[in-house]
Structure formats: structure tokens, C-alpha cells
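Note sheet for the following structure.
Protein chains: 2
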Amino acid sequence: MGSATELAYTRIRQGILDGAHGPASRLREEDLAAGIGVSRTPVREALRRLGAEGLVEFTPNRGVRVVAWSERDLQEIFELRALLEGYGARLAAGRATAPALRGLTVLAERMEEAVRGHAPDRLERVAEINNRFHQGVLAAAASDRLVAILGHVVQVPLVRHTFRRYAPRELERSLSQHREILEALRQGDPEWAASAMRSHILGARNVVGRAPTGGGAAAT
Amino acid sequence: MGSATELAYTRIRQGILDGAHGPASRLREEDLAAGIGVSRTPVREALRRLGAEGLVEFTPNRGVRVVAWSERDLQEIFELRALLEGYGARLAAGRATAPALRGLTVLAERMEEAVRGHAPDRLERVAEINNRFHQGVLAAAASDRLVAILGHVVQVPLVRHTFRRYAPRELERSLSQHREILEALRQGDPEWAASAMRSHILGARNVVGRAPTGGGAAAT
DNA sequence: AGGGTCAGTATTGTATACAAGACCCTGGCT
DNA sequence: AGCCAGGGTCTTGTATACAATACTGACCCT
């Protein structure tokens, strides 16, 4: 794991995700390199990769900026997620193994606990578990390519953006939809699974683009 | 153009596309650099980018290999294309401008001429025009993100792979489907457009995975 | 005074030199 | 004879030095 490029990639990505490098902020190679403790070479390679993944933007001879999403981008992203994750759920309905289903069940339960709990980092935990649930469904679909593509679409900063926009009722709906998706997978019903996942995500799309409510947590 | 990295990227990609670097063949940085006339640095960056696009595979400390597609990969790719390009056609039905439609009409006509002609490079031309038609529909959908994603999915080497697998009748069907898609777009009928595009691509999926016939040309 | 141009500076782009790790072949041992 | 060990070589990974390009500010010209 020692690889300096790997380290640079992880650190820079992390910096973007948790807001240390805000949207549209410029990234100077020298600074990054100094901060991480490697030379510019691995930093450049890491930036190249982040660029290919859509997290940063290149301008020749003018450096790299963190990508800033427009309202339209967000809509586009949720549309594509609905399409692709819906498809993933459809596949998963035919392929999910018993252990995979058990894992998803545990995640759904943990998420409910997290929502109903009162921990101060409640929102963080909910978002994290939610993310793992979606990853789990995707994994059950057993399509490497789909995983790769969704990696390009659903950028984690977006989750931050979605953060805190759920009203309590919408959050409950989200939990209920997770249970529904799970049930559809258990029954091996592809259409139901796809449809439930689609609704789940299109519901989230409409939450994005509103002012933050402060009342809930990100839940796709 | 001037940029050495850009040059390296283009040349290596070209080499993969036209078979100079066959599937699973190893790429040594030094060789590539010497062949292109630049140093290893831009070559590495180009390889990094190609890796992110899914054209080559990295193995730490062991270099880069051109990706080799399995049968299952091909099925997966066509499924995803059907999904994504179907969606693209749906969007395009509501957004295509008159000039865009005219452009697509010209392409459809040219493709028919190419199919019916007897030029020795007929297959090449058909594949090329076909590709531009699909790009055109996609462009009409006006979703940058969709374009980017499909760029990751539909790799051109795959077109080579599909090459020469069409029987004449299937090729005719393909032309007819292009006309149908175009008509659906003209009428602004999203469901029809999506469905026609889906059929078109799923038809191609079944052609892939057969032995080459030698009788036709690639036509998605 | 305003605008343009030219030099200085900062930052990215490229080359090269050096380090580290992985493959391969030979030699010795069991 | 087969197998393990060790060194040599080849290739990738990283650092640094150098080149080229774009920003900044000041000065000159109109």
C-alpha cells in the first residue's frame, strides 16, 4: 500500500470530500505535494486520476480546480442514478445470495437505529450506512462495469450536498423504501426491485434543489 | 495538439484501436516513449488516463496491459449501452433541434449509400458513420454527463470486435432502425425513440458472441 | 489618465536521474 | 534430478532539475 501515488490520491480525494478543498477551489501541485510529503510526480498522477473520475477539472497550463456542481448537474446525476441503480436492483433481484441479503438486512436495521438514535454524529452515521446499503445492492448485481460507471456518477461530495435536506418524514420514507427494496430482492422480483429503487432515488432528487431544512440526514 | 501528453494519449489510444497493441499485450513505457518521441513522463500520464477510461489495466510494479474483453464483458457492455443510449434517445426526443435532426438525416442517408456501395473500405466507412450517428443522437440529448459515461462504456475496440459480424439482412435491419429512431425524434416521441434505440442495440448484442460471418459491417 | 506592452514571477509541463521492486537465470544443495 | 536461494537485470515508481507558458505589475506611450 505504501505507494506514494496511492497516498496522494487518497489524501486529495479525502480533502475534497470533507470540504478541505471546497468547490471551484484551485489546487496547486506544489502545495499538495508539500502537504502530503511526496514529490509533485505522484501528486500529478493522482490529480490525473481524479480528473478522469470527474472530481476535478483540468485547464491546460492553468492547473486544476475542484469541480463545482450546478443545479442542472445535480438533476442529471440523480436521473442517471435512478436509471443505473434501478438497473442494478433489477439484476440483484436475480442474483443476490443469501449472505448478501443478510448483510443488507443488517444495514437496513442499523440505519433505522441510527435515525432514531440521538447521537450528535447521527447524520454522518446515517449517510455512511445508507451509502453502504446502496453499495451492497450494487455488489449483489455482480456487474463490475456497473460499479465502475456508478463510481463516476455518484460522487461523494454530492452526498454532502444532499446532507441535512431531508425532513423527518422524508427520512422515514427513505427507511421504508430500503425495506421495500430489500423485500423485493428477497422475493427475487426484478421489476419490483427496480421500481422501488427508482422511486427511492427520484424522491431524493426532489429533495435536492431545495433549501436545507436542518431536520434530517442525507439518505439517497 | 502541442502537448506531449496529449500526443502520447492519442498515439497510444490509436495503437490500441487499430490493433497495433493487441488485447492483453503488455505496454512498456520506455518503448512507447521512444516510439512517440517523448519522455516517459507524458507516457505515464497518458497511460493513467487510458486506465481510468478502461482501455488498459494496471498492475502495480508490473506495468500496463491492454484490456481483453470476455464474452460476459461484451454482454454487459451492450446491456448498459441499451440502457444508457435508450435514455439518451428519450431525452433527445424532447430536445433535438432542427439542425441536429438534419445532421442525423444526412448521416442516415450516407450510411445507406455506404452499405449499398462497393468500395473496398465499405465496412470501415459504415462503422464510422454509424458511430457518428450514435454520437449525434447522444449530442442531441444534451447531457454532458451521459456523454462522459458512455465514453467509458462503449470502447471503440469493441466496434472492431463487432466488425464483420453482421449478415446482410441484419445490416439492412440496422439501417431501418436508424430511420425509425430518426422518425421518433422528429415526432418528438420519447418512448418510441427510447424503445427503438433499445431494440437497435439489443439486436447488436445478439450478433456479438457469434462467429464472424464476413458478410457485413459493424453497425451498432 | 487610460491602455497596452514588456519584463518578472509563479506554476505547470517535460525530461532525466535515481531508487525500489519484480522477474529470470544460474549455481549450489538435498 | 529437482528445488530453493541469491544475484543480476529489467521495468516501474519517485524525485528533482529544467523548459515553457500564463499571470502580475509597472512603466511608457498615446
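Line by line, the protein sequences are chains A and B.
Under the numbering used here, the first residue of the first sequence carries the number 44, and numbering increases by one thereafter.
Under the numbering used here, the first residue of the second sequence carries the number 44, and numbering increases by one thereafter.
Each residue gets a CB set at the ideal place from its N, CA and C atoms; glycine is no exception.
Would you call the CB atoms of residue 89 of chain B and residue 82 of chain B closer than 8 Å? no
With 16 other Cβ atoms within 10 Å as the buried cut-off, status of residue 186 of chain A: buried
Quick check: is the beta carbon of residue 113 of chain A nearer than 8 Å to any beta carbon in chain B? no
Taking only three categories from DSSP, how would you classify residue 261 of chain A? Below a pLDDT of 50, predicted positions are generally treated as unreliable, and residue 261 of chain A, at 46, falls in that range; the measurement from the model is reported next regardless. It is coil, neither helix nor strand.
Candidates B:63, B:134, B:120, B:119: closest to residue 189 of chain B by CA position: B:134
Is the CB of residue 95 of chain A under 8 Å away from at least one CB in chain B? yes
Counting C-beta neighbours from all protein chains within 10 Å, is the total for residue 136 of chain A 16 or more, i.e. buried, or is it exposed? buried
Quick check: the stretch 240-253 of chain B against the stretch 116-128 of chain B, are there 3 or more CB pairs under 8 Å? yes
Using a Cβ-Cβ cutoff of less than 6 Å, which residues in the same chain neighbour residue 193 of chain B once the five nearest sequence positions on both sides are dropped? 127
Please state whether DSSP places residue 96 of chain A in a helix, a strand or coil. coil
Going by the beta-carbon positions, is the gap between residue 95 of chain B and residue 49 of chain A smaller than 8 Å? no
With distances taken between CB atoms, is the gap from residue 107 of chain B to residue 101 of chain B smaller than 8 Å? yes
Any chain B beta carbon closer than 8 Å to residue 249 of chain A: no
For residue 180 of chain B, count neighbouring C-beta atoms within 10 Å of its own C-beta (all shown protein chains included) and say buried if the count is 16 or more, exposed if not. buried
Residue 197 of chain A by DSSP, collapsed to three states: which one? coil
What whole-angstrom Cβ distance do residue 250 of chain A and residue 209 of chain A have, given they're in contact under 8 Å? 6 Å
Neighbour-count burial assignment, residue 156 of chain A, 16 or more Cβ in a 10 Å radius: exposed
Alpha-carbon spacing of residue 116 of chain B relative to residue 216 of chain B, whole angstroms: 25 Å
Any idea if residue 247 of chain A is buried or exposed, counting beta-carbon neighbours within 10 angstroms, 16 or more meaning buried? buried
Local Cβ density within 10 Å of residue 57 of chain B, reported as buried at 16 or more and exposed below that: exposed
Can you pull the chain A neighbours of residue 186 of chain B, defined as C-beta to C-beta under 9 Å? 119, 122, 123
Residue 108 of chain B: first and last residue of the uninterrupted alpha helix (DSSP H) it sits in: Not the alpha helix (DSSP H): residue 108 of chain B falls in the beta strand (DSSP E), residues 106-109.
Cβ-Cβ distance between residue 158 of chain B and residue 225 of chain B below 8 Å: no
Nearest-angstrom Cα distance between residue 59 of chain B and residue 198 of chain B? 11 Å
Chain B within 8 Å of residue 103 of chain A, Cβ atoms only: yes
Sequence-distant residues of its chain with Cβ nearer than 7 Å to residue 222 of chain B (five each side left out): 151
So that I know if they touch, is there some Cβ in chain A lying closer than 8 Å to that of residue 177 of chain B? no
According to DSSP, is residue 251 of chain B helix, strand or coil? strand
Tell me whether residue 271 of chain B is buried or exposed, calling it buried when 16 or more other Cβ atoms sit within 10 Å of its Cβ. Here chain B comprises residues numbered 44 to 263, so residue 271 of chain B is not present and cannot be evaluated.
Closest to residue 214 of chain A by C-alpha separation, out of A:154, A:234, A:63, would be which residue? A:154
Taking a contact to mean a Cβ-Cβ separation below 8 Å, would you say residue 196 of chain A touches residue 92 of chain A in this structure? no
Give the single residue among A:169, A:112, A:191, A:114 whose Cα lies nearest to the Cα of residue 119 of chain B. A:191
Proximal residues of chain A, C-beta to C-beta of residue 91 of chain B below 7 Å: 88, 91, 92
Any chance you could list the beta strand (DSSP E) runs of at least 3 consecutive residues sitting entirely within the stretch 54-102 of chain B, in chain order? 99-102
Other residues of its chain near residue 68 of chain B: CB distance less than 8 Å, five sequence neighbours each side excluded: 108, 109
Can the beta-carbon of residue 139 of chain A be found closer than 8 Å to that of residue 183 of chain A? yes
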